[in-house]
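**Q**
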Amino acid sequence: MTTTDHTPALEPDAAQVAALRERLDELLPAAIGDLEDLVRIPSIAFEGYDREPVTRSAEAVAELLRGTGLPEVRIEAVDGGSPAVIARRPAAAGKPTVMLYAHHDVQPTGDESQWTTAPFEPSQRDGRLYGRGAADDKAGVMAHVTALRLVGEELAEQGIGVTVFVEGEEECGSPTFRSFIETHREALAADLIIVADSANWEVGVPALTTSLRGVVDCVVEVRALEHAVHSGLFGGPVLDSLTQLSRLLATLHDEHGEVAVEGLVRAEDPAVDLEESTWRSDAGVPAGLELSGSGPLTARLWTRPALSVIGIDAPAVREASNTLVPVARAKVSLRIPAGQDPSAAMDALVAHIEQHAPATAKVTVERGEEGKPFSAPAHSPATDLARSAFTAAWGTQTVDTGLGGSIPFIADLLEVFPQAEVLVTGVEDPQSRAHGIDESLHLGDFAKVCLGEALLLRGAETLGAQR
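So the sequence shown is numbered by our numbering: it starts at 1 and just counts up by one.
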């Protein structure tokens, strides 16, 4: 692993760090207990799921934030969206305001029988807390709560403004996010926004996420027949739609697994790289299988486009009959690096599909989401302060990382609050399995996350007010 040099910020006083760590040791059991209570609430905001647990989750988060001493706490929703929590203490004149973002909704569980323990019954094993949302992102909620329990009174004395914004529909795409922050623009306005929804470099090593890929997606439909027909009587002159869809999807990559869509942008290779054996273990890639593409792993993960087929509508194997499938659909997801315009990427993807569409089927493309990538400044007072705080809390150098995933709402934050700087911080680690079976949080790292954020908040006064 290599790191990039940066001008260091003023290092936190060692004695103060030690005192804060001692105080955190006292608060940590209650913080973990509160996190376990949040995990027990199945706050899935996807359509078709019971909305009551999402409301209950928002109420639980609001109660936790009231306990931090913030004088204004309320639950809001717009346009029929899921409930979000806003808690705040306005800044004194000339003092900066920090917004702390997290989300209290979670992903669906998938097949619950595959979980070692029930997904909404938190379980501690080998220093990790297991449960849906234990990492993504109820740990982010509790990192904010715990940091405010540590230094909230101190921030109030300094006059530093604090706003906590806990969203309730991030996992289902934040459909009312833009409308929400525009409606509550005055309450949410900040100089610095800390988004606690990313991952650290590895267990024991903190990270500041300085780039995120954007995302575009579409649904491709291939129709070969008006209706299903007997495969024996009619097979031969007509290729079924599933075969034709498969052939079309195969054109999206070359023989080496590189994305074959022309016109897409590549960003510069990162200054850090991953150990392949470690990454294979984290990703669950079986031994002996080659990896796709070329170049540094971090480049393939963070700064180059990546294209995946994430869903197919076709008959299930157990229900298959000897008929030619008349129509098949696939959802295609394209991750795009910093510097790539999402609309241009969508146009390039659609153009590729249309150019490679077979003459033996009708192909239509339904355009979907367009999310912008994110790139933080390499050097700023806020990023330097964050690195210094995390290094002091963890006792090891902070690594600047990218993230292959996307947080499209960051673009909305920067457009609605152009004066603000955004820091993306991590509560997860490579073993967290966010969105997957047996999602978990490393409890030792969680304590360091809380301490690091407390130190960052304590130093926010040095940033000044930009609004």
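For each residue, glycine too, the CB sits at the ideal point set by N, CA and C.
Note that the structure is a prediction, hence the values are computed from the model and not measured.
#1: Could you give the residue range of the beta strand (DSSP E) that holds Lys95?
#2: Quick test of the definition: if touching needs 3 or more C-beta pairs under 8 Å, does the segment 192-203 touch the segment 417-429?
#3: Measuring only the C-alpha atoms, how far is Ala469 from Arg74?
#4: May I ask you to check if the CB of Asp126 is nearer than 7 Å to at least one heavy atom of the ligand NAD?
#5: For Glu169 versus Gly81, is the C-beta distance shorter than 8 Å?
#6: Tell me the rounded alpha-carbon separation between Ile312 and Gly436.
#7: Only counting runs of 3 or more residues, tell me where the beta strand (DSSP E) segments fall wholly within the segment 337-409, in order along the chain.
#8: Rounded to whole angstroms, what is the Cα-Cα separation between Leu225 and Asn322?
#9: Note down, in chain order, each residue of its chain lying with its Cβ closer than 7 Å to the Cβ of Ala460, except the 5 sequence neighbours on either side.
#10: Going by other Cβ atoms of all chains shown within 10 Å of its Cβ, with 16 needed for buried, is Glu171 buried or exposed?
#11: I need the straight-line Cα distance from Phe177 to Ala330, nearest angstrom please.
#12: How far does the beta strand (DSSP E) with Leu192 in it extend, from its first residue to its last?
#13: Please tell me whether Leu208 and Val145 are closer than 8 Å, where the distance is taken between their beta carbons.
#14: Between the alpha carbons of Gly474 and Leu212, how many angstroms are there, rounded?
#15: Note down, in chain order, each residue of its chain lying with its Cβ closer than 7 Å to the Cβ of Ser308, except the 5 sequence neighbours on either side.
#16: Bridge partners of Ile75, per DSSP?
#17: DSSP state of Ser308, grouped into three classes?
#18: Run through the DSSP bridge pairs and tell me what Ile471 is partnered with.
#19: Counting C-beta neighbours from all protein chains within 10 Å, is the total for Asp13 16 or more, i.e. buried, or is it exposed?
#20: Taking Asp269 and Gly368 to be in contact with their CB atoms under 8 Å, please state how far apart those CB atoms are, rounded to whole angstroms.
#21: Given this structure, state the Cα-to-Cα distance separating Asn200 from Phe234, to the nearest angstrom.
#22: Rounding to the nearest angstrom, what Cα-Cα distance links Val449 and Leu385 in this structure?
#23: Under the rule that 16 or more other beta-carbon atoms within 10 Å means buried, what is Gln107, buried or exposed?
#24: Mind checking Thr4: buried by the 16 CB within 10 Å criterion, or exposed?
#25: Leaving out the 5 sequence neighbours to the left and right, which residues in its chain are closer than 6 Å to Val265 when beta-carbon positions are compared?
#26: Rank Gly48, Leu150, Pro42 and Glu112 by C-alpha distance to the C-alpha of Leu28 and give the top, closest one.
#27: From Pro83, Gly426 and Gly404, pick the residue whose C-alpha is nearest to that of Trp394; which is it?
#28: Between Ile41 and Tyr130, what straight-line distance do the alpha-carbon atoms span, to the nearest angstrom?
#29: Out of Leu324, Asp282, Glu262 and Glu290, which one is the CA nearest neighbour of Arg304?
#30: Smallest Cα separation from Gly152: which of Trp115, Leu324, Gly464 and Leu457?
#31: Can you grab the Cα-Cα spacing for the pair Ala316 / Leu242, in whole Å?
#32: Using alpha carbons as the reference points, say which of Val365, Asp438 and Asp429 lies closest to Asp445.
#33: Determine the DSSP secondary structure at His253, reduced to helix, strand or coil.
#34: Pick out whichever of Val61, Ile410, Ile44 and Gly94 has its Cα sitting closest to the Cα of Gly464.
#35: Look at Pro206 and Thr398 and say whether their C-beta atoms are less than 8 Å apart.
**A** Let me spell this out:
#1: From DSSP, Lys95 is part of no beta strand (DSSP E); its letter is neither H nor E.
#2: yes
#3: Because the chain is modelled from 1 through 467, residue 469 falls outside the range shown and cannot be assessed.
#4: Summarising the ligand content, the structure contains no ligands, and the ligand NAD is consequently not present.
#5: yes
#6: Linking Ile312 to Gly436 through their CA atoms gives a straight-line distance of about 19 Å.
#7: 362-371 and 399-403
#8: 15 Å
#9: Around Ala460: Pro96, Val98, Ile160 and Leu192.
#10: buried
#11: Approximately 27 Å, taken between the alpha carbons.
#12: Start and end: Leu192 to Ala199.
#13: no
#14: As displayed, the chain neither begins before 1 nor continues past 467, which places residue 474 out of reach and without an answer.
#15: Ser333
#16: Beta-bridge annotation (DSSP): Ile75 is paired with Val85.
#17: strand
#18: The requested residue 471 is not part of the displayed model; the chain covers only 1 to 467.
#19: exposed
#20: Their Cβ separation, rounded to whole angstroms, is 29 Å, which puts Asp269 and Gly368 out of contact at 8 Å.
#21: The straight-line gap from Cα to Cα measures roughly 56 Å.
#22: 15 Å
#23: buried
#24: Bear in mind that a pLDDT of 45 at Thr4, under 50, signals an unreliable position, so the number given afterwards is only what the model happens to contain. Under this definition Thr4 is an exposed residue.
#25: Gly339 and Gln340
#26: Leu150
#27: Gly426
#28: 14 Å
#29: It is Glu262 whose Cα lies nearest to the Cα of Arg304.
#30: Leu457
#31: So the alpha carbons of these two residues sit roughly 12 Å apart.
#32: When each option's Cα is compared against that of Asp445, the closest is Asp429.
#33: strand
#34: Gly94
#35: Closer than 8 Å, so yes.
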